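Protein chains in written order, with my numbering: chain L, 739 to 1220; chain W, 10 to 484; chain B, 3 to 104. For glycine and all other residues, C-beta sits at the position ideal for the given N, C-alpha and C. This one's a predicted model, so the numbers in the text were calculated from it and none came from an experiment. Working notes for the structure below.
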Amino acid sequence: MKYLNRPLQEVHELLKKKEIKPIDLVEEAFENIEANKELNAFITLNKEEAIQRAKELEDQEVDNLLFGIPIALKDNIITEGLRTTCGSHILDNFVPIYNATIVDKLLEKKMIIIGKTNMDQFGMGSSSRTSYYGAPKNPWDLNKIAGGSSGGSAAAISSREVMLAIGSDTGGSIRQPSSYTGIVGMKPTYGRVSRYGLVAFASSLDQLGPMTKNVYENAVLLNAIVGKDEKDLTSAKREEEDFTRLIGEDIKGMKIAIPNFLMGDIVSEEVKDKVKETIKCLEENGATVDYIDIKYIENAMTLYQIIAMGEASSNLARFDGIRYGFQADNIKNIEDVYLETRGQGFGEEVKRRIMVGSYLLSGENAKVYYNKALSIRDDMRKEFKKAFETYDLIIGPTTVTTAYDLTDPMDDPRKSFMDDVLVIPVNMAGLPGMNIPVGFDQNHMPIGMQIIGDSFEEAKMYKLASFIEKELNLDLMPGGEK
Amino acid sequence: MSNYIPTIGVEVHVELKTKTKIFSNARNGYGQMANSLTNVIDLGYPGTLPTLNEEVINLAIRAATICNCKIQKVMHFDRKNYFYPDIPKNYQITQNDTPIGYDGYVEITKENGETKKVFIEEMHIEEDTCKSAHRKDKTLLDFNRAGVPLIEIVTKPCMSSGEEVKLYLEKLRELLSFGDISDCKIEEGSMRADVNVSIRKEEKDPLGVKAEIKNIGSISNAKLGVEKEIERQTKIYDRGETFKPQTRRFDDKVNDTILMRVKETGNDYRYFPEPDIPYVVITEEMIEEAKKGIPMLPDERRKKYTEKGILEANANKLVQNRSLSDFFNTLLEEEIDFKVASNILLGDISAYLNREEKEITETNLTKERFIELVKVYQEGTITSKNLKEMLDTILESKDSIQDIMKEIGIENISDDSELRNIIKEILKKNPESVSDYQNGHDRAIKFLMGQVMKETKGKANPRLANDILLEELKG
Amino acid sequence: MEDKLTREEVLHVANLARIKLTEEEIEKYQVELKKLLTDVEKINEVEGYDDDILIACWDQNTELRKDVEGEMLDPKQVVENAPRHAGNYIEVPVVIGESEGA
């Protein structure tokens, strides 16, 4: 490791003093990726383009913290001229003709896109094992999953293949893999980051967010990607703010809540113990921590199944092999174009979910399931809001266990939802949620804690996260390098 | 054949006259090169999201207002899910739960002068599909039309004859085109009507089996189609048979409706609220703004025209040509003979416009030049023959009316003494006609005038010639 | 309650989603889909909520776009990504019948 494991500010200073050039970072990134090939963190690399861009940046003024920094993007983010597969066979050969808004924003900051990271097919899964391109592995133990669906981005950050990454989170897909791989992952408030150019899984839940090795870098990256986008009607108009502004502040007097549900029997003792240790540390430093109940939180998974599968069945209807992407070759008539292309192009998990989703919307079912789920979701959101009238933040474990074996069976269709049971409520309420590493299990696999904020309160979450980061001072480099 | 009571409802789609599409800023255009009016949103590319065109909402409010509909205060869009090559996302964004307008009516006037309200159930906004061209072994897709804004206007099943359907469609076309909401060109597909027809024996019976007539090529075909369909259904019931709900089309070659397909039980469109478009709030200001944008509607125009002394038939004709009517409206404050003006517009000018397939706005006729034309015609400085001769030049050049008259040699005829001499000569040469006149045969005047025109090669000012002729005859 | 869907039920939802299934898949999904459909039934146990819906997790209303033309694609770009095309058109096997919608 030369530079990519160092703090962003340090690398920035080196770039500014011209002691290093962007190309040094790009070369290191590709060296690391080559050395960690086994991780399978990337689906597509952007090598030529990245090198060329690094060279173009050489003579330019280093005008911001992110200048010249290598970044990896989850492969459901649309990149002009760079293959975008969503981890699926059906988009095998798809080279987009436009850029996602987030991509334009990152390029404006003169960042360098290293490649597109591995993921569960269309974000559907919790271990990235539904990827058509093989599962990424966990840098802490190559026999374990990296989590999902942003497993590739998590593995790439955890192993320091790149310095920063973007993931997407529909039902925990940033926070859960971040927890499994010991990194910091933020799912911002719904509406914070434009979804234009994020291939939709469940439109009313999807949100893009930063995945990084530390809290500060996470906040800096969030600064770069937020903002109202006229191309996305669901993006929020907010006053500009600096998400790093509360980092380092004292947490004395902070009022924190833990929903009982998040510390229930489903959570392993090892994970609960680590979270409790962290709570103790917070209390010792002047924060108060109360256990509370949040109505409907235990229903979040059911709501999620209905809303996410319902919306997905419609969002994924456009993949039919007519205008772009893969088309099956044994086609005799128009029905074949749909049936064969989708039958061959989608993976098992995707087919399962869109079939269930189609059922949930068919006939009178939309009223019985989908609309009802929207009603309860709204009520649950209000319950969270109520809690935030009293508390600054809500915390709890991110996952029920640490990362499990890649070879664990995949035959239970409920498994992928169960893995995300603690992170799903946040998406259902549209709230921001993040993962912060708080320790390791007996096999030295990372354990993560979730911080949940009120809408648009990301800065407050970073304040608590940075405090925990500093207090615990964990060695978060797989294999240890500190 | 027995008598049955027909029950008819109509669904009309019209394309809105906006600059851009409903959910993208690609151009809303017609007749352009295939796939040249699209962007990634219209093609349903992964990751794209809809935005909502302000003008679509404005025009839809306008349409709802004109059709006397109530307007939804908070509305959303819904997805209608089905697989078909002409819908790029394999779902159509439409309004199922919260149509922008509802509970309205349009008033039609039947031939016997009776008026009837055709009730509008609802009016909603949606996106158009792409255009497919079917070849022998393949279908070609052109996405230029994909995402063009539409409103669909659904009546209650409240009409009972082909004639009423025709009157409703004519009225709707008139209102929407005069409201500047749509071109309403059936032949270009910017107005499309589907008609649902069923018949039953008596009012107290439940509604009969429904047949939907689609792809209607003209309003007169809509009438014919309905009449033929009523006839067909009557025959079936008279035989003691029945039929399945079905979709038919009217074929004017065979002058009958033809089966397209029997409706499968319940199409499953899997409607659900469109999550990419949050609630749309229609404010009072938006409604006021939309109302302000409504131009003068046909009924008011007709009223104004007849008040100016124009025959009702001519007033109707004027209203039928929007741009002609707009042009006429600019004259309403002027001091001219409106009868003459309307005759010229509906006569020679209309003939020219039809022949050249032009709108009056595409000619060089200005308000000022037209007023002058009316004046010289009214004064008899030019004859209707002169008018015909001059018209092409008037409409095609920018020369003044006087110059054009000079060009074709009409100006010299107003010279009193010259004309008097010519007339005196003619009277000398035609003593029989003079005595005929003096014996009370007014016809002789016509003959003598003809001689004057012949002598002057048609250049004489007819009114002046007439006056002098009478003077000289009276001696 | 049966612990799996019938073959016909699976084929029905597969057809709604336009997915061709192999024999093997049909059998597998009879069991798997049933599990998920049993899960979602839990929504019927939820009580006490009000019927208001929020269509997105989000209480900001739609901001309308001005009716001003933007950039459009070259027809060549449109057909470039399409598996089959003829000239400026995107091509599909011949479609018989009419669109259901507009």
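- Message: Quick check on DSSP: helix, strand or coil for residue 430 of chain W?
- Response: Your numbering for residue 430 of chain W matches position 421 in the second sequence. Helix at residue 430 of chain W.
- Query: Can you tell me where the beta strand (DSSP E) with residue 1178 of chain L in it begins and where it stops?
  - Reply: Locating residue 1178 of chain L in the first sequence gives position 440, where the first residue counts as 1. Per DSSP, residue 1178 of chain L belongs to the beta strand (DSSP E) from 1171-1178.
- Item | residue 259 of chain W (DSSP reduced to helix, strand or coil) | For the purposes of this step, residue 259 of chain W is identified with residue 250 of the second sequence, where counting begins at 1. Looking at residue 259 of chain W - three-state DSSP - the assignment turns out to be strand.
- For the segment 288-320 of chain W, which segments carrying the alpha helix (DSSP H) assignment without a break, of at least 4 residues, lie completely within its bounds, in sequence order? 293-301, 307-316
- Buried versus exposed call for residue 859 of chain L [16 or more other C-beta atoms within 10 Å across all chains shown]: Translated into positions along the first sequence, residue 859 of chain L becomes position 121. Buried, by the Cβ-count rule.
- Item | Distance between beta carbons of residue 929 of chain L and residue 887 of chain L, contact taken as under 8 Å | Against the first sequence, residue 887 of chain L aligns to sequence position 149. Against the first sequence, residue 929 of chain L aligns to sequence position 191. With a Cβ gap of about 21 Å, residue 887 of chain L and residue 929 of chain L do not count as contacting.
- Message: Classify residue 911 of chain L: buried if its beta carbon has 16 or more other beta carbons within 10 angstroms, exposed otherwise.
- Response: Translated into the one-based positions of the first sequence, residue 911 of chain L becomes position 173. Classification for residue 911 of chain L: buried.
- Proximity test, Cβ basis, 7 Å: residue 57 of chain W and chain B: Counting from one through the second sequence, the residue named residue 57 of chain W turns up at place 48. No, residue 57 of chain W lies away from the interface with chain B (no Cβ there is under 7 Å from its Cβ).
- Query: Pairing CB atoms from the segment 62-81 of chain W with CB atoms from the segment 1085-1093 of chain L, are three or more of them under 8 Å?
  - Reply: no
- Just the Cα atoms here: how many angstroms apart are residue 102 of chain B and residue 276 of chain W? The count along the third sequence starts at 1 and reaches residue 102 of chain B at position 100. The count along the second sequence starts at 1 and reaches residue 276 of chain W at position 267. Bear in mind that the predicted position of residue 102 of chain B carries a pLDDT of just 47, short of 50, making it unreliable; the figure below should be weighed with that in mind. In a straight line, the C-alpha of residue 102 of chain B is about 9 Å away from that of residue 276 of chain W.
- Query: Closer than 7 Å, CB to CB, is residue 1043 of chain L near chain B or not?
  - Reply: Stepping through the first sequence from its first residue, residue 1043 of chain L is reached at position 305. Closer than 7 Å: yes.
- DSSP state of residue 808 of chain L, grouped into three classes? To locate residue 808 of chain L, count along the first sequence from 1; it is residue 70. In this structure, residue 808 of chain L counts as strand in the three-state DSSP scheme.
- Task: With DSSP collapsed to three states, give me the class of residue 132 of chain W.
- Result: For the purposes of this step, residue 132 of chain W is taken as the residue at position 123 of the second sequence. DSSP places residue 132 of chain W in strand when its eight states are reduced to three.
- Query: Whose C-alpha, out of L/1196, L/1185, L/1157, L/1181, is nearest the C-alpha of residue 1170 of chain L?
  - Reply: Numbered from its first residue, the first sequence carries residue 1170 of chain L at position 432. Comparing Cα-Cα distances from residue 1170 of chain L to each of L/1196, L/1185, L/1157, L/1181, the minimum goes to L/1196.
- Task: On a CA-only basis, which of L/1112, L/971, L/1128 is nearest residue 65 of chain B? Give me that one, please.
- Result: Working through the third sequence from its first residue, we reach residue 65 of chain B at position 63. Out of L/1112, L/971, L/1128, L/971 has the C-alpha closest to the C-alpha of residue 65 of chain B.
- What residues from the segment 23-55 of chain B come within 7 Å of chain L, judged by C-beta to C-beta, listed N to C? 23, 31, 34, 35, 37, 38, 39, 41, 42, 44, 45, 48, 51, 52, 53, 54, 55
- Query: Which residues in the same chain have their Cβ closer than 7 Å to the Cβ of residue 469 of chain W, if we skip the five residues on either side of it in sequence?
  - Reply: As a first step, residue 469 of chain W is located in the second sequence; it is residue number 460 there, counting from the start. Here the set comprises 422, 428, 461, 462.
- Query: What are the uninterrupted segments assigned as alpha helix (DSSP H) that are 4 or more residues long and contained completely in the segment 24-57 of chain B, given in chain order?
  - Reply: 25-42
- Message: Residues of chain W with CB closer than 9 Å to the CB of residue 1058 of chain L, please, in chain order.
- Response: Position 320 of the first sequence holds residue 1058 of chain L. What residue 1058 of chain L touches in chain W: 92, 94, 99.
- Partner residues on chain L for residue 49 of chain W, Cβ-Cβ distance less than 7 Å: Here residue 49 of chain W refers to the residue found at position 40 when the second sequence is read from its first residue. The answer, in chain order, is 835, 836.
- Query: Can you check whether the CB of residue 838 of chain L is closer than 7 Å to the CB of residue 815 of chain L?
  - Reply: Looking up residue 815 of chain L in the first sequence gives position 77. Looking up residue 838 of chain L in the first sequence gives position 100. Yes, these two residues count as a Cβ contact at 7 Å.
- Item | Contact list for residue 968 of chain L against chain W, beta-carbon separation under 9 Å | Residue 968 of chain L sits at position 230 when you count from the first residue of the first sequence. Those within 9 Å of residue 968 of chain L in chain W are 60.
- residue 934 of chain L to residue 842 of chain L span [Cα, whole Å]: For the purposes of this step, residue 934 of chain L is taken as residue 196 along the first sequence, with counting starting at 1. For the purposes of this step, residue 842 of chain L is taken as residue 104 along the first sequence, with counting starting at 1. When rounded, the distance between both Cα atoms is 11 Å.
- Item | Buried versus exposed call for residue 364 of chain W [16 or more other C-beta atoms within 10 Å across all chains shown] | Reading the second sequence from its first residue, position 355 is the one you call residue 364 of chain W. Classification for residue 364 of chain W: exposed.
- Message: Quick check: is the beta carbon of residue 17 of chain B nearer than 7 Å to any beta carbon in chain W?
- Response: Counting from one through the third sequence, the residue named residue 17 of chain B turns up at place 15. False, the Cβ-Cβ gap to chain W never drops below 7 Å.
- Item | Residue environment, residue 36 of chain W, which counts as buried when at least 16 other CB atoms sit within 10 Å | In the second sequence, residue 36 of chain W corresponds to position 27, counting from 1. By the 10 Å Cβ count, residue 36 of chain W comes out buried.
- Message: Just to confirm my understanding: we take residue 16 of chain B, look at its own chain, exclude 5 residues before and 5 after, and list those with CB closer than 7 Å. What are they?
- Response: Within the third sequence, residue 16 of chain B is the residue found at index 14, counting from 1. Answer for residue 16 of chain B: 23, listed in chain order.
- Task: Report the partner residues of residue 362 of chain W according to the DSSP bridge assignment.
- Result: Position 353 of the second sequence, counted from the first residue, corresponds to residue 362 of chain W. Answer is none; residue 362 of chain W lacks a bridge partner.
- Query: What do you get for residue 1065 of chain L, buried or exposed, if any count of 16 or more other CB atoms within 10 angstroms of its CB means buried?
  - Reply: If you number the first sequence from 1, residue 1065 of chain L lands on position 327. Buried, because 16 or more other Cβ atoms sit within 10 Å of the Cβ of residue 1065 of chain L.
- Message: Among L/898, L/1058, L/1062, whose alpha-carbon lies nearest the alpha-carbon of residue 1072 of chain L?
- Response: Looking up residue 1072 of chain L in the first sequence gives position 334. Among L/898, L/1058, L/1062, the Cα nearest to that of residue 1072 of chain L is on L/1058.
- Which residue comes first and which comes last in the beta strand (DSSP E) that contains residue 14 of chain W? In the second sequence, counting from the first residue as 1, residue 14 of chain W sits at position 5. Here the beta strand (DSSP E) through residue 14 of chain W covers 14-24.
- Are there 16 or more other CB atoms within 10 angstroms of the CB of residue 450 of chain W, so buried, or fewer, so exposed? Counting from 1 along the second sequence, the entry for residue 450 of chain W is found at position 441. Exposed, because fewer than 16 other Cβ atoms sit within 10 Å of the Cβ of residue 450 of chain W.
- Message: For a quick check, are the C-beta atoms of residue 404 of chain W and residue 370 of chain W less than 7 Å apart?
- Response: As a first step, residue 404 of chain W is located in the second sequence; it is residue number 395 there, counting from the start. As a first step, residue 370 of chain W is located in the second sequence; it is residue number 361 there, counting from the start. For residue 404 of chain W and residue 370 of chain W, no; Cβs fall outside 7 Å.
- Query: residue 1040 of chain L by DSSP, collapsed to three states: which one?
  - Reply: Here residue 1040 of chain L refers to the residue found at position 302 when the first sequence is read from its first residue. Residue 1040 of chain L: helix per DSSP, three-state reduction.
- Query: Beta-carbon of residue 12 of chain B versus every beta-carbon of chain A: anything under 7 Å?
  - Reply: Absent here is chain A; the protein component of the structure consists of chains L, W and B.
- Query: Between which two residues does the alpha helix (DSSP H) harbouring residue 780 of chain L extend?
  - Reply: If you number the first sequence from 1, residue 780 of chain L lands on position 42. Premise fails: residue 780 of chain L lies in the beta strand (DSSP E), 780-783, not in any alpha helix (DSSP H).
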